[in-house]
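Here our numbering is used: the first residue of the sequence shown is 2, the next is one more, and so on. Here is the structure we will look at, set down as structure tokens.
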Amino acid sequence: MPLHPQGLGLPAHNLAMNAPHTPQSPLRLPLDWDNHFHRLGSTFYTPMAPQPLPAPYWVARSTGAATLLGLDPQAMESPELLQALSGNLPISGSQPLASVYSGHQFGSWAGQLGDGRAILLGEANGWEIQLKGSGLTPYSRMGDGRAVLRSSIREFLCSEAMFALGIPTTRALCVTGSDQPVARELLETAAVVTRLAPSFIRFGHFEHFASRRKHTELTTLADFVIDHFYPDCRSTPALDGNVYASWLQAVVQRTAVMVAHWQAVGFCHGVMNTDNMSILGLTLDYGPFAFLDVFDPGHICNHSDQGGRYAFDQQPEIAHWNLYALANALLPLIGRPALAEQVLDSFEPTFTRSYQQLMAVKLGLKVIDGDERLPTLIRDILALLAQDRVDYSIFWRRLSHARSRGDFEPVRDLFIDRPGYDTWLLRYQELYTQSKQGIEANLMLKTNPKYVLRNYLGENAIEAARQKDFSGVANLLTLLLAPYDEHPAFETLAGLPPDWASQISISCSS
2 MPLHPQGLGL PAHNLAMNAP HTPQSPLRLP LDWDNHFHRL GSTFYTPMAP QPLPAPYWVA
62 RSTGAATLLG LDPQAMESPE LLQALSGNLP ISGSQPLASV YSGHQFGSWA GQLGDGRAIL
122 LGEANGWEIQ LKGSGLTPYS RMGDGRAVLR SSIREFLCSE AMFALGIPTT RALCVTGSDQ
182 PVARELLETA AVVTRLAPSF IRFGHFEHFA SRRKHTELTT LADFVIDHFY PDCRSTPALD
242 GNVYASWLQA VVQRTAVMVA HWQAVGFCHG VMNTDNMSIL GLTLDYGPFA FLDVFDPGHI
302 CNHSDQGGRY AFDQQPEIAH WNLYALANAL LPLIGRPALA EQVLDSFEPT FTRSYQQLMA
362 VKLGLKVIDG DERLPTLIRD ILALLAQDRV DYSIFWRRLS HARSRGDFEP VRDLFIDRPG
422 YDTWLLRYQE LYTQSKQGIE ANLMLKTNPK YVLRNYLGEN AIEAARQKDF SGVANLLTLL
482 LAPYDEHPAF ETLAGLPPDW ASQISISCSS
């Protein structure tokens with residue numbers, strides 16, 4: 002029997018096969034290819050070469066991500082690599098493919114989905130390399146298989162920013178652009194973002210095979226993920242003797258910790274469909290995301306989300322819902338609904354514990370078991386921030402400086418309700434002093450970032466990039482990779498956003 006909230010349906014779409022493009026003269030790179038996913042077999046994917054991107058040019062590159070692959074930063078200057086990462090030149094050792102998956106979108110079963118505009122080149126040095134925006138695949142449905150410059154820059158910057166913030170995430174190696182027109186709400190230009198992850202397997206991969214009752218494939222995929230990414234589930238005693246239940250519990254815990262990080266830093270994902278949920282607990286698929294400006298718990302960052310399903314304060318609940326969908330898919334393996342329910346019940350306490358620990362460090366405090374003053378302090382300051390529409394990142398940064406300098410007046414200046422703030426500050430100071438558990442103030446400065454990827458900062462960099470000026474993207478990358486540093490030359494980028502920033506509207510289109 003299916004678990005709450007709903008069982009899985011069985012709709013499917015037939016694949017519309019496209020002849021793969023096969024360019025010549027492969028590029029040789031110093032990469033150790035070992036394409037594990039490819040070896041699972043063609044049931045899991047369609048072999049598919051990327052489609053060429055005409056006259057590509059470099060937009061942005063991450064030397065940190067290049068280092069993960071063992072690539073010398075100078076290699077990122079190569080015109081041959083530019084061609085290869087734009088889909089125009091094959092790379093020796095790669096085995097390109099588009100994987101199939103299914104999923105729930107906005108709470109409804111969407112049936113078969115898949116890599117509709119992404120090509121997995123393969124796995125090198127322990128990282129899967131994927132080209133997003135690389136053309137049509139059998140899973141493109143009504144799409145054109147392309148990504149645009151706007152969304153590619155946003156994903157590139159946010160992937161690297163989240164990494165620097167210590168939040169589990171996929172990484173981004175580079176963005177290449179082209180003047181090829183692409184139709185969205187407006188006519189835009191094409192781009193490809195090369196992204197990296199230990200694996201791009203999603204909840205939806207398991208939903209796909211479960212929905213078709215392909216239990217052999219479901220087992221194969223689950224065993225693959227356990228053996229490669231969750232080996233402790235086999236090497237230590239399993240939960241109730243059930244390896245698959247132990248694995249689900251590990252996924253629940255990773256997902257809860259990831260979302261706790263989102264809530265603590267003020268990050269809105271915007272489209273938490275099950276096909277956008279990483280089985281490794283990584284932040285995946287940066288589309289209509291946003292970092293909060295003013296603290297609005299109900300903020301909806303995706304204008305396609307008419308009902309507010311993916312509002313900021315709904316993210317923990319939606320993550321839990323998505324884990325139910327995953328557990329439904331894994332029931333043929335776990336075998337016992339009651340055991341799966343027991344595992345899923347661990348989400349809330351894991352999330353709460355992780356969130357309180359993160360928020361405590363933001364306050365310069367430590368969690369003391371059984372002391373309810375800290376949870377109350379957190380709840381009350383968030384209520385004040387929401388009431389007075391205080392800028393979320395600036396509040397935490399000023400509080401960090403106040404703790405360091407002993408001057409809390411700049412924090413007080415952020416509030417309209419000064420008496421309310423004063424009352425809260427008194428309780429905060431008392432707890433800090435009485436507990437004798439205070440954290441060094443400089444650790445607060447290393448926990449509360451000065452720079453986050455606000456939408457208006459991204460929009461400014463994108464507008465310049467449309468004119469072939471990529472300096473704004475490069476400058477933002479520098480700041481976002483060191484978000485806790487002062488960077489005095491860029492002080493204005495850490496200030497309150499301009500009035501027009503609140504009018505920025507981001508949708509699922511990219």
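Virtual Cβ for every residue (Gly too), placed ideally from N, Cα, C.
Straight-line CA distance for residue i to residue j?
i: GLU124; j: ILE369; result: 43 Å
i: VAL253; j: ILE301; result: 25 Å
i: PRO238; j: HIS270; result: 35 Å
i: SER1; j: GLU460; result: Only positions 2 to 511 of the chain appear in this structure, which leaves residue 1 out of reach.
i: THR64; j: THR284; result: 20 Å
i: ALA13; j: VAL391; result: Residue confidence is low: ALA13 scores 32 on pLDDT, short of 50, so the model does not pin down where it sits. No coordinate-derived value is stated.
i: LEU70; j: LEU458; result: 29 Å
i: VAL244; j: CYS234; result: 6 Å
i: TRP397; j: ARG155; result: 24 Å
i: ASP408; j: LEU426; result: 12 Å
i: PRO498; j: GLU487; result: 18 Å
i: PHE292; j: SER26; result: 43 Å
i: PRO24; j: ALA56; result: Note that PRO24 scores a pLDDT of 46, beneath 50, so its modelled location is shaky and nothing firm can be said.
i: ALA257; j: ASP346; result: 11 Å
i: PRO74; j: SER236; result: 38 Å
i: ARG203; j: ASP470; result: 35 Å
i: TYR356; j: ASN89; result: 45 Å
i: MET360; j: ALA265; result: 6 Å
i: PHE491; j: GLU129; result: 34 Å
i: LEU82; j: PRO298; result: 43 Å
i: ALA326; j: ASN274; result: 10 Å
i: PRO80; j: TYR58; result: 9 Å
i: SER472; j: GLU464; result: 11 Å
i: TRP501; j: ALA341; result: 47 Å
i: GLY146; j: THR424; result: 55 Å
i: TYR311; j: LEU378; result: 26 Å
i: SER43; j: LYS215; result: 14 Å
i: GLN52; j: GLU161; result: 26 Å
i: HIS39; j: GLY136; result: 20 Å
i: ASP314; j: THR68; result: 36 Å
In terms of alpha-carbon separation, which member of the options lies closest to residue i?
i: GLY167; options: LYS447, ASP35, LEU480, ASN456; result: LYS447
i: ALA223; options: SER135, PHE207, LYS215, SER236; result: PHE207
i: ARG29; options: PRO74, ALA85, GLN75; result: ALA85
i: LEU366; options: TYR429, ALA475, TYR287, LEU477; result: TYR429
i: VAL344; options: TRP34, ALA312, ARG255; result: ARG255
i: THR434; options: LEU494, ALA462, LEU364; result: LEU364
i: ALA61; options: MET77, PRO53, PRO51; result: MET77
i: ARG151; options: GLY371, GLU410, TYR46, ALA462; result: ALA462
i: ILE505; options: ALA495, LEU480, PHE290; result: PHE290
i: LEU249; options: ARG419, GLY336, LEU383, GLU410; result: GLY336
Count the other C-beta atoms from every protein chain shown that fall within 10 angstroms of the C-beta of residue i, then say buried if there are 16 or more, exposed otherwise.
i: PRO97; result: buried
i: PRO450; result: buried
i: SER179; result: buried
i: ASN323; result: buried
i: ASP33; result: exposed
i: MET143; result: exposed
i: SER200; result: buried
i: GLN307; result: exposed
i: THR170; result: buried
i: THR47; result: buried
i: GLY514; result: In this structure the chain extends from 2 to 511, so residue 514 is not present and cannot be described.
i: ASP35; result: exposed
i: ASP418; result: exposed
Excluding the 5 residues preceding and the 5 following residue i in the sequence, name in chain order all residues of the same chain whose CB lies nearer than 6 Å to its CB.
i: VAL412; result: ARG399, LEU400, ALA403
i: HIS321; result: PHE348
i: SER95; result: LEU122, GLY123
i: GLY119; result: Sequence check: residue 119 is Ala here, not Gly. Around ALA119: GLN131, LYS133.
Given residue i, which residues of its chain have a CB within under 8 Å of its CB, disregarding the five upstream and five downstream residues?
i: PRO182; result: LEU188, GLU189, THR190, ALA191
i: SER1; result: No statement about residue 1 is possible, as the shown extent of the chain runs from 2 to 511 and does not include it.
i: LEU444; result: VAL362, GLY365
Excluding the five sequence neighbours on either side, which residues of its own chain have a C-beta within less than 7 Å of the C-beta of residue i, listed in chain order?
i: MET2; result: In this prediction, MET2 scores a pLDDT of 40, lower than 50, which makes its location untrustworthy; the coordinate-derived value is nonetheless stated afterwards. For MET2, where only same-chain residues beyond five positions count, the Cβ hits under 7 Å are PRO338.
i: TYR422; result: LEU385, ARG413, PHE416
i: VAL194; result: LYS133, GLY134, ALA148, SER153, GLU156, PHE157, ALA173, VAL176
i: LEU114; result: TYR102, SER103, GLY104, TYR140, GLY205, ASP276
i: LEU334; result: LEU219, THR220, ALA223, TYR245
i: GLY117; result: THR138, TYR140, SER141, ARG142, GLY144, GLY146
i: PRO6; result: Bear in mind that a pLDDT of 42 at PRO6, under 50, signals an unreliable position, so the model cannot answer this.
* **Every unbroken alpha helix (DSSP H) inside the stretch 285-353 [4 residues or more]** => Taking only runs of at least 4 residues, the alpha helix (DSSP H) segments lying wholly in the stretch 285-353 are 316-335, 338-345.
* To do: Scan the stretch 458-495 and note each continuous alpha helix (DSSP H) run of 4 residues or more that stays entirely inside, going in chain order.
  => 472-482
* Asked: Enumerated in chain order, which unbroken segments of the alpha helix (DSSP H) with a length of 4 residues or greater are wholly contained in the stretch 73-137?
  -> 80-85
* **Start-end ranges of the alpha helix (DSSP H) lying completely within the stretch 378-444, minimum 4 residues** => With a minimum length of 4 residues, the continuous alpha helix (DSSP H) runs that stay inside the stretch 378-444 are 393-406, 410-413, 419-436.
* Asked: Where are the alpha helix (DSSP H) runs, 4 residues long or more, that stay fully inside the stretch 199-266, in chain order?
  -> 204-212, 216-230, 233-236, 244-266
* **Whole runs of the beta strand (DSSP E) within the stretch 26-68, excluding any shorter than 3 residues** => 46-48, 58-62
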